[in-house]
Amino acid sequence: MAGDPHPLAQRIEALARTQHPRVVGWRRTMHRQPELSFQERETVRFLLAELAQVDCLEIERPTDTSIVARLRGGRPGPTLAIRADIDALPIQDGKHCDYRSQVPGVMHACGHDGHAAMLLGSVHLLSALRNELPGEVRFFFQHAEEQHPGGAAEMVEAGVMNGVDRIIAAHVISTQDTGGIVVRDGPAFASSDRFVLRVLGKGGHAANPDRCIDPVFVGAQIVANLQAIVARNTDAHDALIISVTRFHAGEAFNVIPDGAELGGSVRCFSDAVRRRAPELIRRIADGVAGAHGARCELDYVLGYAPVVNDAGVAGALRHMIERDMPALQVREMNPMPNSEDFGAFLQHAPGAYALIGARSAAKGICHPHHHPMFDFDEDALLHGVQLFSNAPFTLNGA
Ligand code: NI
Numbered sequence: 002m003a004g005d006p007h008p009l010a011q012r013i014e015a016l017a018r019t020q021h022p023r024v025v026g027w028r029r030t031m032h033r034q035p036e037l038s039f040q041e042r043e044t045v046r047f048l049l050a051e052l053a054q055v056d057c058l059e060i061e062r063p064t065d066t067s068i069v070a071r072l073r074g075g076r077p078g079p080t081l082a083i084r085a086d087i088d089a090l091p092i093q094d095g096k097h098c099d100y101r102s103q104v105p106g107v108m109h110a111c112g113h114d115g116h117a118a119m120l121l122g123s124v125h126l127l128s129a130l131r132n133e134l135p136g137e138v139r140f141f142f143q144h145a146e147e148q149h150p151g152g153a154a155e156m157v158e159a160g161v162m163n164g165v166d167r168i169i170a171a172h173v174i175s176t177q178d179t180g181g182i183v184v185r186d187g188p189a190f191a192s193s194d195r196f197v198l199r200v201l202g203k204g205g206h207a208a209n210p211d212r213c214i215d216p217v218f219v220g221a222q223i224v225a226n227l228q229a230i231v232a233r234n235t236d237a238h239d240a241l242i243i244s245v246t247r248f249h250a251g252e253a254f255n256v257i258p259d260g261a262e263l264g265g266s267v268r269c270f271s272d273a274v275r276r277r278a279p280e281l282i283r284r285i286a287d288g289v290a291g292a293h294g295a296r297c298e299l300d301y302v303l304g305y306a307p308v309v310n311d312a313g314v315a316g317a318l319r320h321m322i323e324r325d326m327p328a329l330q331v332r333e334m335n336p337m338p339n340s341e342d343f344g345a346f347l348q349h350a351p352g353a354y355a356l357i358g359a360r361s362a363a364k365g366i367c368h369p370h371h372h373p374m375f376d377f378d379e380d381a382l383l384h385g386v387q388l389f390s391n392a393p394f395t396l397n398g399a
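This note's numbering puts the sequence shown at residues 2 to 399.
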């Protein structure tokens, strides 16, 4: 039962529709001038100029290339943060349209230009409804989602989450048609950590393996045995991915090398599994190496935390969408093994991450994210603006 729509929902939709061509224009401006992670200076300059036209905003610059805009509503209530990422990727734009990237080798191939445009749209819209707005809305224009250690952690470090009660974000998604929207309970994106494992053996002539400790042989056993962590040490309900993606050893055909270096990626959907993984990898690697007389050294680098939606926030958003945005359909989707640095914010406040359908076969928009032909259906911008603009009225408890 969706119930009666919020009294402001129709007004928000009308304002969003009127404003839509401007939002599309902002998106295309940013699409033409993409910037890599930690280098988003022109994007920030553009956003600051647009934000300067909005009344009653307080602008903060937590880092060089990020912005926080605060809007205090006319009614009391808690604080909701809404985050959009703004960075692009080192990919050559392969599209042929008037808004294609003007920067060689750099492209908004993940849709972050759209996220920034949606958020800017909701800044405008919510400032027009400021008297009715409960509590505070903090708009996070976040740099460097695409590159470790990620902009989210830097913004948290700068204190942007102080006093935030809840946080939401959204991503356009190329695997769902426009009009669909996904807000899961629990995991949405996997964590992403990486490791380097050095196997230390003893080199020698390829003709005399008995006088060597062959790190290639030992490394190969380690690669195979690491999958036992997934298959035999992890609860079947807890997904864990360990992918060895690098294996470097030796130069010559007739020399057994002294050492080998392996590297790879570890992904999972819970903090508990994530905490256990390094020790399990170390145990397998040490055990296998020891069995063959070799040693190993492990460097384990923590990357992005899993994005785990709070069921209360996610449920409230789904209910709000069904009630206030009846043109959208709430869809189911499995959590994604990709990673997202939004988890850094979720360590400090409950929140939820929505996926906004943006595929349109009719418009020929169906390439995956990070593809040179990636584009998204700009109708999805309307849904993003509506989601971000309705959310404070529901989540801030009016
Ligand atoms: Ni992305």
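Quick reminder that beta carbons are idealized off the backbone N, C-alpha and C, glycines included.
Exercise for the section: Write down the C-beta distance between G220 and V200 rounded to the nearest angstrom, noting that I regard them as a contact closer than 8 angstroms. Expected result: 5 angstroms
Practice task
Give every residue of the same chain whose Cβ lies closer than 7 angstroms to the Cβ of V45, excluding the five residues on either side of it in the sequence, and list them in chain order.
Solution key: T66 and I68
Problem - C-alpha distance - R284 paired with L198, whole-angstrom precision - result: Cα to Cα, the separation comes out at about 12 angstroms.
Practice task
Classify Q54 as buried or exposed, calling it buried when 16 or more other Cβ atoms lie within 10 Å of its own Cβ.
Solution key: exposed
Exercise for the section: Have a look at A392 and L329 and give me their C-alpha separation to the nearest angstrom. Expected result: 15 angstroms
Problem - First through last residue of the beta strand (DSSP E) which encompasses D194 - result: In the DSSP annotation of this structure, the continuous segment of the beta strand (DSSP E) that includes D194 starts and ends at S193 to L201.
Problem - Q20: first and last residue of the uninterrupted alpha helix (DSSP H) it sits in - result: A10 to R33
Problem - Three-way DSSP call (helix, strand, coil) for A355 in this model - result: strand
Problem - Spatial neighbours of F377 in its chain, beta-carbon cut-off 8 angstroms, leaving aside the 5 residues before and after - result: G112, G115, V173, S175, A359, R360 and I366
Handout entry: A170 to E252 span [Cα, whole Å]
Key = 48 angstroms
Exercise for the section: Using a threshold of 8 angstroms, state whether the C-beta atoms of V25 and V386 are closer than that. Expected result: no
Problem - Any non-hydrogen atom of ligand 1 closer than 7 angstroms to E146 Cβ - result: Yes, Cβ of E146 sits closer than 7 angstroms to a heavy atom of ligand 1.
Practice task
Tell me, please, whether the segment 219-235 touches the segment 309-316 by the rule of three or more beta-carbon pairs shorter than 8 angstroms.
Solution key: no
Practice task
Throw me the rounded Cβ distance for the Q177 and V104 pair, which I believe falls under 8 angstroms.
Solution key: 29 angstroms between Cβ atoms; not a contact.
Handout entry: Local Cβ density within 10 Å of T246, reported as buried at 16 or more and exposed below that
Key = exposed
Practice task
Compare the beta carbon distance of Y354 and A82 with 8 angstroms and say whether it is the shorter of the two.
Solution key: Their beta carbons are not under 8 angstroms apart, which means Y354 does not touch A82 by this criterion.
Handout entry: Boundaries of the alpha helix (DSSP H) in which E262 is found, first to last residue
Key = For E262, there is no enclosing alpha helix (DSSP H); the residue is part of the beta strand (DSSP E) that begins and ends at G260 to C269.
Practice task
Give a single yes or no on whether H97 has its beta carbon closer than 7 angstroms to a heavy atom of ligand 1.
Solution key: no
Handout entry: Contact the segment 320-328 vs the segment 279-293: 3+ CB pairs below 8 angstroms
Key = no
Exercise for the section: Counting only the same chain and skipping the five closest in sequence on each side, list residues whose C-beta sits under 8 angstroms from that of I223. Expected result: L198, V200, L263, I285, A286, V289, A290 and C297
Handout entry: Between the CA atoms of P8 and R84 - distance to the nearest angstrom
Key = 25 angstroms
Practice task
Could you tell me if the beta carbon of G151 falls within a distance shorter than 7 angstroms of some heavy atom in ligand 1?
Solution key: no
Practice task
Pick helix, strand or coil for I257, following the three-state DSSP scheme.
Solution key: strand
Handout entry: Sequence-distant residues of its chain with Cβ nearer than 6 angstroms to G294 (five each side left out)
Key = I214
Exercise for the section: Could you name the residues of the same chain whose beta carbon sits closer than 6 angstroms to that of I168, not counting the 5 residues immediately before and after it, in chain order? Expected result: A82, F346, A350 and G352.
Problem - 7 angstroms Cβ shell around V274 - same chain, five flanking residues per side excluded - result: T235, D239 and L241
Practice task
Counting only runs of 4+ residues fully inside the segment 74-150, write out the alpha helix (DSSP H) ranges in chain order.
Solution key: 113-129
Practice task
Give every residue of the same chain whose Cβ lies closer than 6 angstroms to the Cβ of G95, excluding the five residues on either side of it in the sequence, and list them in chain order.
Solution key: P373 and M374
Practice task
Decide yes or no for the touch test of the segment 118-131 against the segment 8-18: beta carbon pairs closer than 8 angstroms, at least 3 of them.
Solution key: yes
Handout entry: Rounded separation between L383 and L52 - CA only
Key = Spanning the two alpha carbons is a distance of roughly 19 angstroms.
Practice task
Report the partner residues of G187 according to the DSSP bridge assignment.
Solution key: N310
Problem - Burial state of T179 (16 or more Cβ within 10 Å) - result: buried
Problem - Reduced DSSP secondary structure (H/G/I, E/B, other) of T44 - result: helix
Handout entry: CB of D342 within 8 angstroms of CB of A117, strictly
Key = With a cutoff of 8 angstroms on beta-carbon distance, D342 and A117 are scored as not near each other.
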